[in-house]
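Written out below as structure tokens is the structure these notes cover.
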Amino acid sequence: MIGLCLGLAGAVWATLPAPSFTLAWDHTIEKIRWEEDYRVTPGGLLLGEARVRGSGAGMEIPDGAVLREGAWHYQRQVPPLQPLRLGRTPEAGDYQLCDAEGCKPFSEWLGPPKASQPVVELWSCEMKGD
Numbered sequence: 011m012i013g014l015c016l017g018l019a020g021a022v023w024a025t026l027p028a029p030s031f032t033l034a035w036d037h038t039i040e041k042i043r044w045e046e047d048y049r050v051t052p053g054g055l056l057l058g059e060a061r062v063r064g065s066g067a068g069m070e071i072p073d074g075a076v077l078r079e080g081a082w083h084y085q086r087q088v089p090p091l092q093p094l095r096l097g098r099t100p101e102a103g104d105y106q107l108c109d110a111e112g113c114k115p116f117s118e119w120l121g122p123p124k125a126s127q128p129v130v131e132l133w134s135c136e137m138k139g140d
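With the sequence shown counted from 1, adding 10 to any position gets you the numbering used here.
Following this line, the structure appears as structure tokens:
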């Protein structure tokens with residue numbers, strides 16, 4: 011079964027049986043929520059729709075975005091990400107992984123963000139069966 015691995019440089023810190031997920035975070039300065047929907051595939055993480063709830067410093071609304079339900083919705087065409095590399099520091103706050111059951115901070119699986127470990131990677135991986 012394909013799942014989602016969290017870790018760095020191939021070292022797995024946590025695995026989740028997530029066929030799809032939303033990555034969410036608040037912009038560090040503007041405090042505006044961003045969300046990106048991903049599908050987990052054997053070739054990597056496929057970015058689907060993305061949303062941002064406003065604009066501000068360094069946060070231009072992408073061309074073709076549509077305002078719907080208080081957020082700008084848009085899509086970008088990018089190849090599968092394998093891995094998706096994210097900066098993660100105490101000053102920036104934590105990312106959230108969301109699914110049908112709700113959103114949980116990365117700290118749920120990885121502990122709080124640390125200055126000594128400012129990066130995390132997400133990638134699709136084969137999960138061991140029960």
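Backbone N, C-alpha and C define an ideal beta-carbon position, used for all residues, glycine too.
| query | result |
| --- | --- |
| Span of the alpha helix (DSSP H) around L120 | S117 to L120 |
| Y105 vs L57 beta-carbon contact at 8 Å | no |
| Beta-carbon proximity of R61 to H83, cut-off 8 Å | yes |
| Span separating the alpha-carbon of G66 from that of L96 | 21 Å |
| Reference S30, options A19, D47 and M11, closest by Cα | D47 |
| Beta-carbon contacts of V137 that lie in its chain and below 8 Å, excluding the five residues immediately before and after | A quick correction: the sequence has Met, not Val, at residue 137. M11, I12, G13, T25 and P27. |
| Residues sharing a beta bridge with G74, DSSP | Looking at the DSSP assignment, G74 forms no beta bridge with any residue, so it has no partner. |
| Which of helix, strand or coil DSSP assigns to A125 | coil |
| The beta strand (DSSP E) enclosing I149, as first and last residue numbers | Absent from the model: residue 149. The displayed extent of the chain is 11 to 140, so no value can be given. |
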